[in-house]
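Take a look at the structure set out below.
Protein chains: 2
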Amino acid sequence: MKFVVQRDQLISSVQDVMKAISAKAAIPILTGMKIKAESDGITLTGSDSDISIESFIPAEEDGMINAEQIEAGSIVVQARYFPDIVRKLPEKTVEIEADASLKVTIRSGKAKFNLNGQDADEYPKLPALQTDDNFEIQADLLKNLIKQTGFAVSSMETRPILTGVNVKMDEETLHFTATDSHRLASRQVSIEDMHAAFSSIVIPGKSLNELYKILDDNDQRVEISVANNQILFRTKHLNFLSRLLDGNYPETSRLIPEKSQTRLHLKTKELIDTIDRASLLARDERNNVVKLTTKDTETLQISSNSPEVGQVAEEVSLQSMEGEDVKISFSSKYMLDALKAIENDDVIIEFTGAMRPFIIKPINGDPILQLILPVRTY
Amino acid sequence: MKFVVQRDQLISSVQDVMKAISAKAAIPILTGMKIKAESDGITLTGSDSDISIESFIPAEEDGMINAEQIEAGSIVVQARYFPDIVRKLPEKTVEIEADASLKVTIRSGKAKFNLNGQDADEYPKLPALQTDDNFEIQADLLKNLIKQTGFAVSSMETRPILTGVNVKMDEETLHFTATDSHRLASRQVSIEDMHAAFSSIVIPGKSLNELYKILDDNDQRVEISVANNQILFRTKHLNFLSRLLDGNYPETSRLIPEKSQTRLHLKTKELIDTIDRASLLARDERNNVVKLTTKDTETLQISSNSPEVGQVAEEVSLQSMEGEDVKISFSSKYMLDALKAIENDDVIIEFTGAMRPFIIKPINGDPILQLILPVRTY
């Protein structure tokens, strides 16, 4: 194997692929990165069994030469050293060569590294995902779906299914839902040309988090296909493969109250800033509890009390209020997560009682819903 | 106590003072920050017994009002919460008030915090440093002295005296020296109007490190005075007090070879980049050892060999070479620290044998000297 590649292209691909590589991988060869050279380009692969990422550097694209002098072949290099070496090389191009004795030579300018490689034949084959059942979604929209729901997955392994995001298919609508049983985040989007062979899957929150970091925030198309308990996200030069979680995701729709006793309309940023301040004193306590109290139809108060430290209280203007007075306590962290996911200057909060879950949604009717269970305070 | 202060001024002072406050302070009240209001301004104080910092916010300066409505008094607030509260307040001004029951009220816009304070009378008195024996130095020059020597102090408590920087006074010259017994860094500067009552002191490296972070990189004057085993650095609005280390600093001048067998002239950045790359493979090994070998009078090679991982070798151009060939191994970390402290595009390295300390200095004759002990490799 031998090729000369543009260093910036290589750095970018290496960074993407590294997101799937763990120094603690159970199979030793998975601590390495696979490099495969073919006449049309270079493919890098990283995997930790749960997630696998392939990044392709085309030899030529849009009239630009990314890789040349290619002699086909493959090798596995130690992922512990390879990224730093590539990043610190002196010149704009890099020559990488592997010989039959698995010695890898990296040359750039006057610098020359000789690394011990591993046999690429020992690298596990990624599961092939051959299916016509797929659909496309814009990268920026997919990132938004992940951002608006992914934070609400459970971090506890006691109910493993809740560590994932539930994705449901319903006619031409995609539903993303995550809950840790104390709060819930959901978002729907319409999809055209849906050819999907699934009705409900659960994608590990960790996988979506890594996918979020790799995807660019633009309108490129991401092709999604599901088969054999795996999901594949494919862009022009990237294959991102994740296993799915086994088990039935709980039915969450009945958690969502259908009618409300109180409806508040507020400015999102003002409420975020106020709760952020009120949570400063509460941060040591379990859940960082703050209290919301309506004062009159134009004002509510956010307050927090931490006997050792002190109290804080601040009023927030209500844009409008309908229904009964409210006095409710909740986790400031959950509330801040939910409000930041709303992505609208104006927010509606609907309460159905001091001990019932309440709903946060944007005023514009976007199908985003955040639900939080209040905290009992005596 | 009561006053209204500009929030940005308060944030800046709080940040400085926080550098002396430790959550793990042995005396509980030292986990707090003392606030003292007088008609001419506000003084904040933080201390961890080793370092004490006072920051003064003048009520009026250059025609600008920083603090007003001042009612004299003092209080100690919990340093764990106060900085975040101040930073997140909504308006440009902050009102702070303490009552006789030690309740502290912080108001800004609609936000109101009530904190439990502590009695300022219980806060330790800082040692008074009354002495006419002082001298002045520019802040940027003092920062440079710290930066060029402070990294070489020992981090081991086995010889506590080596955890400090030795400062010697000699006619009108100030000598800064630090060594951890494997390498040494020293720098001299001339001082005018020296009235110092000391000939040799040792300042904790940690104190200088914090001072470095607080000082602005400009030509303001820093007044330095030493008395009662304490050193005071005073700027217009800041008092930085540190204890000195007890004990005799070792005589280091005899470590420095007086003549050399080989003298190399190199481009500093090229050598830094090459050693940085060579150290990538060595980073797990003790000391990150790299090898320097002269090839001919125009070229040297930097190389490193890590049997498990691989080898790296790279040539560097010599600007000039005088004397015998060199083959020597050393810690890449020590070498990089030393080269970065040189602050000159061209560097001279002088060797007196493979097992003797070697010297690194800038080509322009500035009184900076870096010394490194080689590593024995078999």
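These protein sequence lines map, in sequence, to chains A and B. Quick note on numbering: UniProt numbering labels position 21 of the first sequence as 21, and the sequence is numbered without any gaps. Quick note on numbering: UniProt numbering labels position 336 of the second sequence as 336, and the sequence is numbered without any gaps. Glycine included, each C-beta is placed from N, C-alpha and C at the ideal position.
Could you check how far apart the C-beta atoms of A:Leu-266 and A:Pro-204 are, in whole angstroms? I think they sit under 8 Å.
Counted from its first residue, the first sequence places residue 266 of chain A at position 266. Counted from its first residue, the first sequence places residue 204 of chain A at position 204. Wrong, their Cβ atoms sit about 34 Å apart, outside the cutoff.
Cα separation between B:Thr-252 and B:Gln-9?
Along the second sequence, one-based indexing puts residue 252 of chain B at 252. Along the second sequence, one-based indexing puts residue 9 of chain B at 9. Roughly 44 Å separates the two Cα atoms.
Are B:Ser-55 and B:Leu-44 closer than 8 Å when you measure CB to CB?
Residue 55 of chain B sits at position 55 when you count from the first residue of the second sequence. Residue 44 of chain B sits at position 44 when you count from the first residue of the second sequence. Yes, the pair counts as a contact, with Cβ atoms nearer than the cut-off.
Which chain A residues are close to B:Lys-88, counting only those with a beta carbon under 9 Å from its beta carbon?
The residue labelled residue 88 of chain B in the question sits at position 88 within the second sequence. Neighbours of B:Lys-88 on chain A, chain order: Asp-273, Asp-276, Arg-277, Leu-280.
Provide the residue span of the alpha helix (DSSP H) that contains B:Gly-205, from first to last.
The count along the second sequence starts at 1 and reaches residue 205 of chain B at position 205. Secondary structure note for B:Gly-205: its alpha helix (DSSP H) is the uninterrupted segment 205-214.
Restricting to Cα atoms, I'd like to know which of B:Ser-47, B:Lys-168, B:Leu-318 is closest to B:Asp-346.
Here the question's residue 346 of chain B lines up with position 346 in the second sequence. The residue with the shortest Cα to Cα distance from B:Asp-346 is B:Leu-318.
Using beta carbons (cut-off 8 Å, strictly below), is B:Val-17 in contact with chain A?
Taking the first residue of the second sequence as position 1, residue 17 of chain B is located at position 17. No, B:Val-17 lies away from the interface with chain A (no Cβ there is under 8 Å from its Cβ).
Going by DSSP, what residue range makes up the alpha helix (DSSP H) through B:Ala-338?
The residue labelled residue 338 of chain B in the question sits at position 338 within the second sequence. 332-342 is the span of the alpha helix (DSSP H), which, as asked, contains B:Ala-338.
Determine the closest residue to B:Phe-240 out of B:Val-189, B:Ser-39, B:Gly-365, B:Ala-128, with distance taken between C-alpha atoms.
On the second sequence, residue 240 of chain B is found 240 positions in, with the first residue counted as 1. Measuring from the Cα of B:Phe-240, the nearest candidate turns out to be B:Ala-128.
Let me see if you follow: with CB-CB separation under 8 Å, is A:Ile-85 close to chain B or not?
The count along the first sequence starts at 1 and reaches residue 85 of chain A at position 85. A:Ile-85 counts as touching chain B.
Under three-state DSSP, which class holds A:Asp-346?
The sequence position of residue 346 of chain A within the first sequence is 346, counting from 1. A:Asp-346: strand per DSSP, three-state reduction.
At 4 residues or longer, what runs of the alpha helix (DSSP H) sit wholly inside the stretch 133-162 of chain A?
139-149
According to DSSP, is A:Lys-88 part of a helix, a strand, or is it coil?
Start at 1 with the first residue of the first sequence, and residue 88 of chain A comes out as number 88. Helix, per DSSP.
Going by DSSP, what residue range makes up the alpha helix (DSSP H) through B:Ser-12?
Taking the first residue of the second sequence as position 1, residue 12 of chain B is located at position 12. Per DSSP, B:Ser-12 belongs to the alpha helix (DSSP H) from 7-18.
By DSSP, does B:Leu-318 sit in helix, in strand, or in coil?
Within the second sequence, the letter at position 318 stands for residue 318 of chain B. Coil.
DSSP three-state label for B:Ile-21, please.
Here the question's residue 21 of chain B lines up with position 21 in the second sequence. Note: B:Ile-21 maps to coil in three-state DSSP.
Give me the chain B residues within the contact set of A:Leu-115, using Cβ-Cβ distance strictly less than 7 Å, ordered along the chain.
Your numbering for residue 115 of chain A matches position 115 in the first sequence. Within 7 Å Cβ-Cβ: Val-309, Gly-310.
Say whether chain B places a C-beta atom closer than 8 Å to the C-beta of A:Ala-111.
Residue 111 of chain A sits at position 111 when you count from the first residue of the first sequence. Interface residue, yes.
Pick out whichever of A:Arg-243, A:Pro-250, A:Leu-215 has its Cα sitting closest to the Cα of A:Arg-234.
Working through the first sequence from its first residue, we reach residue 234 of chain A at position 234. Nearest of A:Arg-243, A:Pro-250, A:Leu-215 to A:Arg-234, Cα basis: A:Leu-215.
Would you decide whether B:Thr-297 is buried or exposed? Buried here means 16 or more other CB atoms lie within 10 Å of its CB.
Translated into the one-based positions of the second sequence, residue 297 of chain B becomes position 297. With fewer than 16 other Cβ atoms within 10 Å, it is exposed.
Have a look at A:Val-5, A:Ala-79, A:Gln-188, A:Glu-350 and flag the residue whose alpha-carbon is nearest the alpha-carbon of A:Ile-16.
As a working note, residue 16 of chain A is residue 16 in the first sequence. Correcting the residue type first, residue 16 of chain A is Asp in the shown sequence and not Ile. For the residues A:Val-5, A:Ala-79, A:Gln-188, A:Glu-350, the minimum Cα distance to A:Asp-16 belongs to A:Ala-79.
Among all the DSSP beta bridges, which residues are the ones paired with A:Thr-177?
Within the first sequence, numbered from 1, the residue matching residue 177 of chain A stands at position 177. Paired residues: A:Asn-166, A:Ser-186.
Verify the CB distance criterion: does B:Ala-313 have a CB-CB separation below 8 Å to chain A?
What you label residue 313 of chain B is simply residue 313 of the second sequence in a count that begins at 1. Taking Cβ atoms only, chain A reaches closer than 8 Å to B:Ala-313, which makes this a yes.
On the premise that B:Val-290 lies in contact with B:Ser-303, defined as a C-beta separation below 8 Å, what is that separation, rounded to the nearest angstrom?
As a working mapping, residue 303 of chain B is identified with position 303 in the second sequence. As a working mapping, residue 290 of chain B is identified with position 290 in the second sequence. Rounded, the Cβ-Cβ distance is 7 Å, consistent with contact.
A:Gln-78 CB to nearest chain B CB: under 8 Å?
Here residue 78 of chain A refers to the residue found at position 78 of the first sequence. Yes, A:Gln-78 lies at the interface with chain B (some Cβ there is under 8 Å from its Cβ).
Run through chain A and tell me which residues come within less than 8 Å of B:Tyr-123, C-beta to C-beta.
For the purposes of this step, residue 123 of chain B is taken as residue 123 along the second sequence, with counting starting at 1. Result: empty, since nearest Cβ-Cβ is about 19 Å, beyond 8 Å.
Does A:Gln-212 have its Cβ less than 8 Å from a Cβ in chain B?
The residue labelled residue 212 of chain A in the question sits at position 212 within the first sequence. Strictly speaking, residue 212 of chain A in this sequence is Tyr, with Gln absent from that position. For A:Tyr-212, the answer is no, since every Cβ of chain B falls outside 8 Å of its Cβ.
Kindly list the residues whose CB is nearer than 7 Å to the CB of A:Leu-162, restricted to its own chain and excluding five residues on each side of it in sequence; keep chain order.
Taking the first residue of the first sequence as position 1, residue 162 of chain A is located at position 162. Here the set comprises Val-153, Ser-154, Thr-179, Asp-180, Ser-181.
Nearest-angstrom Cα distance between A:Lys-269 and B:Thr-177?
Residue mapping note: residue 269 of chain A aligns to position 269 of the first sequence, counting from 1. Residue mapping note: residue 177 of chain B aligns to position 177 of the second sequence, counting from 1. Linking A:Lys-269 to B:Thr-177 through their CA atoms gives a straight-line distance of about 53 Å.
Taking only the alpha-carbon atoms, compute the straight-line gap between A:Leu-89 and A:Arg-7 and give it to the nearest angstrom.
On the first sequence, position 89 is the one that residue 89 of chain A refers to. On the first sequence, position 7 is the one that residue 7 of chain A refers to. Approximately 8 Å between the Cα atoms of the pair.
Establish whether the CB of B:Tyr-81 and some CB of chain D are separated by less than 8 Å.
Absence of chain D from the displayed structure is noted, the protein chains being A and B.
Quick one: grab the DSSP three-state call for B:Phe-82.
Residue mapping note: residue 82 of chain B aligns to position 82 of the second sequence, counting from 1. B:Phe-82: helix per DSSP, three-state reduction.
Cβ atoms of B:Val-312 and B:Leu-292: under 8 Å apart, would you say?
In the second sequence, the residue the question calls residue 292 of chain B occupies position 292. In the second sequence, the residue the question calls residue 312 of chain B occupies position 312. By the CB criterion at 8 Å, B:Leu-292 and B:Val-312 fall outside the cutoff.
In terms of DSSP beta bridges, what is A:Thr-43 paired with?
Walking along the first sequence from the start, residue 43 of chain A turns up at place 43. For A:Thr-43, which the question treats as bridged, DSSP gives the partners A:Lys-36, A:Phe-56.
Measure the Cβ-Cβ separation of B:Val-5 and B:Asn-66 and say whether it is below 8 Å.
Reading the second sequence from its first residue, position 5 is the one you call residue 5 of chain B. Reading the second sequence from its first residue, position 66 is the one you call residue 66 of chain B. Result yes, Cβ atoms of B:Val-5 and B:Asn-66 sit closer than 8 Å.
For A:Asp-273, count the other beta carbons within 10 Å of its own beta carbon; 16 or more makes it buried, fewer makes it exposed. Which is it?
The residue given as residue 273 of chain A occupies position 273 in the first sequence. By the neighbour-count rule (16 or more Cβ atoms within 10 Å), A:Asp-273 is buried.
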